[in-house]
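Chains as they are written, first to last, in the working numbering: chain A, 1 to 280; chain B, 1001 to 1256. Data first, discussion second: the structure below is written as structure tokens.
Next comes the structure, spelled out in structure tokens:
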């Protein structure tokens, strides 16, 4: 039971990470840097708790804010860069963060940062954040900025001609995505009790992307579903654990051929709505 | 004079797309820009709307110099545009597409969206939706509001794009080949729509290849060829202009 709760907690944190990828994705910015922002949030909140005695919630928030600021700074040059070049930029960023923390004595360098006080209720905080994000994204969808983000993601030029400030939209989405990743990192740090640079490598960034793309990118429920399912599956099937990355690869290929929009699409939601209405 | 194009030139690398083009568009008129393919008409629209930088010369709109102004600010000033190939937002519904037209006239940011404490819709959101619906009905597509924009047939997509531009409440509408791909019945509908928009006081700058449509509805026509303006006047003046005839049909050969 304890074990399952532990897996559920990690799943909750990974949902937050998948959603942190989804945010800039809406505006057409595909980021391989979310693990980097997670690292920034994790280390920042660990420093706040351990070295400055800040209590849990403000500490995690601090992690998010620092990550958000770094996201803003990185988001500025990212504005001019599209597609694969943005992937490279964010990939490079993730690696730079990792290398910085490997060499930063103040936070333990390559040995890692130990002694982070364990948060007993991480499960609740993680899913509490997920709940907040659900409210955020569902409100976003039916809002002026939500439409603007989608428009920028669909056709940047047409959106700009229509009066959308695409610079501010992309920057906002990128920074908020970094902030969300930072919060995920903060919650993660107080669950693991220690953090080290290895935990935030490229493959983790790739995993978050896989969660979102597998789960479905037409609506925010997709990344939630993807992160949840793909975190639990390996726990039940040993063979999935050993071949996890390989299986992700196969999964992605199959999805892109059979159902590119991901498992959860707009049709899924509409189908569910209709089912709900029939039951009434 | 709502729009003034002062000796505008555009160079792409080594290629000169527009050269010393001067044009004055009078407020409240329907002004057409015609010319063979490649003449530079869409390039001109791109320069007015801000998609590309002006290489030389100036463009003035409602007394403001557009040259360094970013595209979204030009939209805010009152320039609306439709495209040669329809550019709707595929992941949004028809109504959501049209609602975007009002983006630069509304304010609700991320903060207000998340931190609202009642479950009711924002007042601004409600007015945006009603306004968009009004323009959607104006082009005759009210019932299709909740369909995915990409599901509509081509001609209807063009109308949605027009409704979207109208929601901007622009003073100047740039219509780039709005009749392309339309059958005669649809074209007549378009004609009526443009007349109605003009009656509302909107200035229309129109690129079109459908000569019947152009000659029927335009008050002034400017003719471009190879990046230069070769003629300008009312429909009958332009039709009889030998330079225009030559541009479209070629030089009259001796003996014909």
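Glycine included, every Cβ here is placed at the ideal spot set by N, Cα and C. Bear in mind that the values here come from a model prediction, so they are computed numbers and not experimental data.
From the listed residues 1235/B, 1206/B, 1246/B, the smallest Cα separation to residue 1031/B is found for 1206/B. Judged by DSSP in its simplified three-state form, residue 243/A adopts coil rather than helix or strand. With fewer than 16 other Cβ atoms from the protein chains shown falling within 10 Å of its own Cβ, residue 1056/B counts as exposed. At least one CB atom of chain A sits nearer than 9 Å to the CB of residue 1125/B. Comparing alpha-carbon positions, the option among 202/A, 215/A, 244/A lying closest to residue 256/A turns out to be 215/A. By the Cβ criterion, the segment 183-199 of chain A is in contact with the segment 59-69 of chain A, since at least three pairs of Cβ atoms, one from each stretch, lie closer than 8 Å. DSSP lists 1004/B, 1065/B as the bridge partner or partners of residue 1060/B. Per DSSP, the unbroken alpha helix (DSSP H) holding residue 1156/B starts and ends at 1154-1167. Per the DSSP secondary-structure output, residue 1081/B pairs in a beta bridge with 1174/B. Residue range 1184-1199 is occupied by the alpha helix (DSSP H) that includes residue 1194/B.
If you compare the alpha carbons of 43/A, 77/A, 32/A with that of residue 105/A, the shortest gap goes to 43/A. Contact between residue 1022/B and residue 1005/B is confirmed by a C-beta separation of about 6 Å, below the 8 Å threshold. Secondary structure note for residue 1106/B: it is in no alpha helix (DSSP H), with a DSSP letter that is neither H nor E. Residue 126/A sits close to residue 15/A, with the two beta carbons spaced by under 9 Å. In the structure shown, residue 1039/B adopts coil according to DSSP, grouped into three states. In the three-state scheme derived from DSSP, where H, G and I count as helix and E and B as strand, residue 1228/B is classed as strand. A Cβ-Cβ contact shorter than 9 Å links residue 1101/B with residue 163/A. Residue 57/A and residue 1128/B have their alpha carbons spaced roughly 38 Å apart.
According to the DSSP assignment, residue 1205/B belongs to the beta strand (DSSP E) that extends over 1203-1207.
Among the CB atoms of chain B, none fall inside 9 Å of the CB of residue 255/A.
The residues 31, 173, 174, 177, in chain order, have a CB closer than 6 Å to that of residue 24/A in the same chain once the five nearest residues on each side in sequence are set aside. By the neighbour-count criterion, in which a residue is buried when 16 or more other Cβ atoms sit within 10 angstroms of its Cβ, residue 246/A is exposed. For the segment 212-243 of chain A, the set of residues with a beta-carbon nearer than 8 Å to any beta-carbon of chain B comprises 218, in chain order.
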